[in-house]
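This report refers to the structure that appears directly beneath it.
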Amino acid sequence: MGRGVNLLLFTDSDRPEVGHIRVTDRRLKHLNEVLKSKPGDRVAVGEIGGQTGSGEILQINSEAALLATQLDTSPPPKLPLSLVLAMPRPKMLRRILRTIAESGVGRLHLINSYRVEKSYWQTPLLKESMLRDYLCQGLEQARDTVLPPVTIHRQFKPFVEDLLPAMTRERLSLLAHPGNHLPCPRGVTDETLLVIGPEGGFIPYEVDKLQQAGCQAVSLGPRILRVENAVSNLLGRLF
């Protein structure tokens, strides 16, 4: 937990017995240093993959906090969106992971592209534990508990030829790409797949393959946006 934390997330491993949780790590640090919590205080809590509610602090010190929990509220619904994103720079990916979890994106696919540097794929950020940590930071902000699945595709051609055609079937499938294309739609309610390219955009071959797989190219206008800004702008415009 850190700045902007609105929910203390926990898992079954934090539960010593039914109705109670014991927290340590950065969550305890937040309770002690930011909230300056004491016994009797209540905080918003949520079980990852489950409900949200409130937790009353029973005991707290420098080593752990024990809370009595009452979970009674479903997490907010996800957007009907699968985001396909060319692998960005790791520093940018951290921010994007928080953004998509906070915004309620349903699923994330990270794909390769000609303009994706090979070194990006070596980042430890792609380890499941690190992906989970940055996604949880977004969930904490939004008071959500459901982690969006992240799938990694290290080769472009197998993804676009073998997987993407089935993914675009019976859903609105959009390729955000600079150029003279139809404007990106607004106020979408249908199941949607959105593809966003790397810094510098997809090369023409990749654009052709994505369109052949069922994606329609759309534009946000004449401005060329950084990838993280394109993600935020497109999510805000579509939904």
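Quick note: the sequence shown, position 71, residue 72 per this note's numbering, numbers continuous. Ideal Cβ placement from N, Cα and C applies to all residues, glycine included.
- Query: When the Cα atoms are used, what is the spatial distance from Ala231 to Tyr115?
  - Reply: Rounded to whole angstroms, the gap between the alpha carbons of Ala231 and Tyr115 is 19 Å.
- Query: Quick one: what's got a C-beta closer than 8 Å to Thr146's C-beta in the same chain, skipping five residues either side?
  - Reply: Leu8, Leu10, Gly47, Glu48, Ile49, Gly50, Gly51, Gln52, Thr53, Pro76, Leu140
- Query: Contact between the region 190 to 203 and the region 82 to 101: three or more CB pairs below 8 Å?
  - Reply: yes
- Item | Counted within 10 angstroms of its Cβ, other Cβ atoms place Met2 as buried (16 or more) or exposed | The pLDDT assigned to Met2 is 47, lower than 50, so where the model puts this residue is not dependable, and the model offers no usable value.
- Complete beta strand (DSSP E) runs within the region 18 to 79 (minimum length 3 residues, chain order): 21 to 24, 43 to 48, 53 to 61, 66 to 74
- Task: Count the CB pairs spanning the region 212 to 219 and the region 168 to 183 that are closer than 8 Å, and state whether there are at least three.
- Result: Taking a cut-off of 8 Å for Cβ pairs, the region 212 to 219 and the region 168 to 183 touch, as three or more such pairs fall below it.
- Which residue from Gly188, Glu162, Gly222, Gly56 puts its Cα closest to that of Asn181? Gly222
- Task: Quick one: grab the DSSP three-state call for Met2.
- Result: Bear in mind that the predicted position of Met2 carries a pLDDT of just 47, short of 50, making it too unreliable to give a figure here.
- Message: Going by DSSP, what residue range makes up the alpha helix (DSSP H) through Ser220?
- Response: Taken as a continuous stretch (DSSP letters only), Ser220 belongs to no alpha helix (DSSP H), being part of the beta strand (DSSP E) at 217 to 220.
- Within its chain, find whatever has a CB closer than 8 Å to the CB of Leu72; leave out the 5 residues flanking it on each side and keep chain order. Val46, Gly47, Glu48, Gly51, Gln52, Thr53, Gly54
- Task: For Asn234, collect the residues of the same chain with a Cβ closer than 7 Å to its Cβ; drop the 5 residues on either side in sequence, then sort them by chain order.
- Result: Leu221, Leu226
- Message: Nearer than 6 Å: is that true of the beta carbon of Arg227 relative to any heavy atom of the ligand FMN?
- Response: Looking at this structure, you won't find the ligand FMN or any other ligand, since it has none at all.
- For Ser174, the residue or residues it bridges with in DSSP: Leu194
- Task: Can you check DSSP and say which residues form a bridge with Pro184?
- Result: Ser220
- Contact between the region 9 to 28 and the region 60 to 71 (3+ Cβ pairs under 8 Å): yes
- Task: Would you mind giving the Cβ-Cβ distance between Ala102 and Pro149, rounded to the nearest angstrom? I have them listed as a contact below 8 Å.
- Result: At roughly 6 Å, the Cβ-Cβ gap stays under 8 Å, so Ala102 and Pro149 are in contact.
- Message: Report the CB separation of Leu80 from Gly105 in whole angstroms; it is logged as a contact under 8 Å.
- Response: With a Cβ gap of about 5 Å, Leu80 and Gly105 count as contacting.
- Taking the Cβ atom as the reference point for each residue, do Arg187 and Arg238 lie within a distance shorter than 7 Å? yes
- Item | Helix, strand or coil at Leu236 [DSSP, three-state] | Secondary structure of Leu236 (DSSP, three-state): helix.
- Task: Please list, in chain order, all residues of the same chain as Ala143 whose beta carbon is under 6 Å from its beta carbon, the five residues on each side excluded.
- Result: Glu103
- Message: Please report the distance separating the alpha-carbon of Arg95 from that of Tyr121.
- Response: Taking the straight line joining both Cα atoms gives about 12 Å.
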